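Q:
2 protein chains.
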Amino acid sequence: MTTRRVNLNTESVDNYLKAIFALGGPEEERVSSTALAERLGVAPASITNMLQKLAASPKSLVEYESRRGVRLSPAGRLRALEVLRHHRLLETFLYEVLDYPIEEVHDEAERLEHFISERFEERIDAKLGRPKFDPHGHCIPALDGKMPAQHSKSLADIKEDGKFIVDSVADGDAALLKRLKAHGIIPGARLLVSSSSHEEFILRAGRAAQAFCLPRSLACAVRLRSSD
Amino acid sequence: MTTRRVNLNTESVDNYLKAIFALGGPEEERVSSTALAERLGVAPASITNMLQKLAASPKSLVEYESRRGVRLSPAGRLRALEVLRHHRLLETFLYEVLDYPIEEVHDEAERLEHFISERFEERIDAKLGRPKFDPHGHCIPALDGKMPAQHSKSLADIKEDGKFIVDSVADGDAALLKRLKAHGIIPGARLLVSSSSHEEFILRAGRAAQAFCLPRSLACAVRLRSSD
DNA sequence: GAAGCAATTTAGGCTTACCTAAATAAATTA
DNA sequence: TAATTTATTTAGGTAAGCCTAAATTGCTTC
Ligand SMILES: [Mn+2]
Ligand SMILES: [Mn+2]
Ligand SMILES: [Mn+2]
Ligand SMILES: [Mn+2]
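So the protein sequences, as listed, match chains A and B. Once you know that position 95 of the first sequence is 95 in this note's numbering, the rest is easy, because the numbers rise by one and skip nothing. Going from the second sequence to this note's numbering is simple: count from 1 and add 228.
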């Protein structure tokens with residue numbers, strides 16, 4: 001009856017923790033197997049399997065009760081934030097130092113985040129001057145896992161026309177990101193939002209820029225803050 | 229009897245090809261299972277297993293005859309050189325751009341070489357100004373796999389005292405590399421070689437530097453060219 | 001309160017890349 | 001040449017991380 005100890009320092013475990021962190025939201029609610037399966041592109045049975053393994057391990061990275069969803073333990077949260085830090089530092093580095101176009105940084109960072117050393121992390125952080133935000137406008141967690149609360153709101157929740165500042169753009173959809181960029185919709189830009197219909201938003205960034213029609217289904221890709 | 233096709237784009241396959249390339253030497257001689265097992269830190273049975281897989285695959289990265297050793301096919305050679313290019317570009321990048329100490333670049337590059345994209349490769353190559361040599365003095369293969377012939381000779385083969393230029397230093401042994409660096413023994417340095425005994429070499433780099441005694445067993449870590 | 005449904009888990013497999021132990025082939029020595 | 005040693009391969013496992021198909025559970029709905 002030897003308790004066989006499993007190796008939890010794998011790319012796969014990192015990705016599970018990151019997904020639980022992201023889906024749990026700021027309230028860190030319990031995340032269902034189905035939601036995880038969908039996000040990770042994996043069969044639900046594989047999720048159950050991994051969660052049981054994670055929960056059973058002495059490191060206890062997650063709190064998991066059968067059929068009641070999962071959430072991160074403090075240790076699991078810290079690890080998720082560590083990987084998120086790698087990801088966002090890498091994105092910033094690829095963008096600032098290696099002149100990647102913004103829509104290509106995400107995929108590269110998604111791979112490399114699991115393999116860089118603490119030294120590499122430290123060196124790019126220093127090279128970049130300890131940045132606080134990545135090129136999409138997302139906050140980079142500190143070394144100790146601290147991250148200031150965000151005060152942005154999703155474009156999807158905007159009910160009335162108005163002027164805003166673009167806070168951040170989602171990093172996952174390269175094609176959309178490229179179109180947003182082409183219309184000047186990048187973090188920090190002034191944005192005029194109007195909604196002609198229930199179907200879409202009309203966005204106008206800066207002054208000279210041409211208007212951009214964004215379907216409501218994609219509106220959650222843009223986050224705003226007030227332009228005072 | 230379905231011929232199940234195997235995935236050959238793995239870190240492991242890369243490492244096998246690199247090891248065959250390195251052990252085959254400039255003549256690309258056949259490499260034995262035992263030599264590979266030793267180099268890769270793996271049981272001989274695992275070598276046989278992988279070589280059979282590589283040889284059986286339609287891509288045919290290696291030529292392998294049972295009990296007669298293995299060598300790279302043209303495709304396998306190209307892949308090995310591609311990975312070597314990644315490795316040496318990464319080392320140069322870590323050294324030049326991220327200010328790594330020379331003895332730490334190897335391990336980081338050894339991991340990352342398998343995961344960077346062609347874009348990453350291109351960007352660091354451009355950033356570095358298309359370098360021809362890595363920080364250890366090793367030649368960086370071109371994109372098409374071409375690499376000029378080397379004209380250096382191993383310190384281990386030096387029979388008489390004399391003056392030389394350090395051509396390159398081995399990248400694997402971090403502790404040795406650090407000591408060599410401390411005594412000014414780095415690629416491009418002028419080096420006075422004398423051998424007081426059969427046991428060791430006495431090396432003096434530049435002018436003011438203190439002499440350094442290197443056991444003959446480690447002499448293969450330093451390669452020289454004539455100082456005309 | 002039983003039936004139906006959706007979410008989740010269990011059971012049984014697969015692939016990759018390792019391992020050890022046993023068998024075999026080749027080379028060396030006597 | 002026969003015996004011994006060494007190198008290599010075969011045979012049979014293991015662990016991770018995934019899969020599909022078949023239970024099972026918990027909740028709705030009639
Ligand atoms: Mn880190
Ligand atoms: Mn980002
Ligand atoms: Mn490449
Ligand atoms: Mn090198």
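Beta carbons: idealized from backbone N, C-alpha and C, even for Gly. Note that the coordinates shown come from a computational prediction; the quantities given were computed from them, not determined experimentally.
What residue range does the alpha helix (DSSP H) around L78(A) cover?
A: Here residue 78(A) corresponds to residue number 78 of the first sequence, with the count starting at 1. P74 to E96 is the extent of the alpha helix (DSSP H) around L78(A).
Q: Within the same chain, show all residues whose beta-carbon is closer than 8 angstroms to that of N7(A), passing over the 5 residues directly before and after it, in chain order.
A: Position 7 of the first sequence holds residue 7(A). Hits under 8 angstroms: none found.
Q: In this structure, how does DSSP classify A402(B) when only helix, strand and coil are distinguished?
A: Here residue 402(B) corresponds to residue number 174 of the second sequence, with the count starting at 1. It is helical.
Q: For chain A, is any of its Cβ atoms less than 9 angstroms away from the one on S345(B)?
A: What you label residue 345(B) is simply residue 117 of the second sequence in a count that begins at 1. At least one chain A Cβ lies under 9 angstroms of S345(B).
Q: Would you kindly work out how many angstroms separate the C-alpha atoms of G390(B) and H411(B), rounded to a whole number?
A: Stepping through the second sequence from its first residue, residue 390(B) is reached at position 162. Stepping through the second sequence from its first residue, residue 411(B) is reached at position 183. Approximately 18 angstroms, taken between the alpha carbons.
Q: Flag D107(A) as yes if its beta-carbon sits less than 9 angstroms from any beta-carbon of chain B, otherwise no.
A: Against the first sequence, residue 107(A) aligns to sequence position 107. Chain B, which has a Cβ nearer than 9 angstroms to the Cβ of D107(A), makes this yes.
Q: Identify, in the order they occur along the chain, each residue of the same chain with its Cβ nearer than 8 angstroms to the Cβ of A149(A), setting aside the five sequence neighbours on each side.
A: The count along the first sequence starts at 1 and reaches residue 149(A) at position 149. So the list reads P26, once near-sequence residues are dropped.
Q: Ligand 3 heavy atoms versus the CB of R313(B): any closer than 8 angstroms?
A: Your numbering for residue 313(B) matches position 85 in the second sequence. Yes.
Q: Count Cβ pairs between the stretch 426 to 443 of chain B and the stretch 352 to 371 of chain B that sit closer than 8 angstroms; are there 3 or more?
A: Because the criterion of three Cβ pairs below 8 angstroms is not met, the stretch 426 to 443 of chain B and the stretch 352 to 371 of chain B do not touch.
Q: Between R453(B) and D362(B), is the Cβ-Cβ spacing less than 9 angstroms?
A: Translated into the one-based positions of the second sequence, residue 453(B) becomes position 225. Translated into the one-based positions of the second sequence, residue 362(B) becomes position 134. It is not a contact, given that the beta carbons lie outside the stated cut-off.
Q: Pull the bridge partners of A433(B) from the DSSP assignment, please.
A: Locating residue 433(B) in the second sequence gives position 205, where the first residue counts as 1. DSSP output for A433(B) lists L419(B) as bridge partner(s).
Q: Any C-beta of chain A sitting closer than 9 angstroms to the C-beta of L325(B)?
A: By 1-based counting over the second sequence, the position of residue 325(B) is 97. The displayed chain sequence assigns Val, not Leu, to residue 325(B). At least one chain A Cβ lies under 9 angstroms of V325(B).
Q: Need the endpoints of the beta strand (DSSP E) that P443(B) sits in, please.
A: Within the second sequence, residue 443(B) is the residue found at index 215, counting from 1. It spans F440 to P443 - the beta strand (DSSP E) in which P443(B) sits, taken as one unbroken run.
Q: Using a Cβ-Cβ cut-off of 9 angstroms, state whether K127(A) counts as contacting chain B.
A: Reading the first sequence from its first residue, position 127 is the one you call residue 127(A). Yes, contact with chain B.
Q: In whole angstroms, give me the CA-to-CA distance for E63(A) and E160(A).
A: To locate residue 63(A), count along the first sequence from 1; it is residue 63. To locate residue 160(A), count along the first sequence from 1; it is residue 160. Each residue's Cα considered, the two are about 41 angstroms apart.
Q: Exposed or buried, G400(B), counting other C-beta atoms within 10 Å across all chains shown (16 or more means buried)?
A: For the purposes of this step, residue 400(B) is identified with residue 172 of the second sequence, where counting begins at 1. With fewer than 16 other Cβ atoms within 10 Å, it is exposed.
Q: Where does D167(A) fall in DSSP's three states?
A: By one-based count along the first sequence, residue 167(A) stands at place 167. Here D167(A) sits in strand by DSSP.
Q: So what does L224(A) bridge to, in DSSP terms?
A: As a working mapping, residue 224(A) is identified with position 224 in the first sequence. K153(A) and V166(A), per the DSSP bridge assignment.
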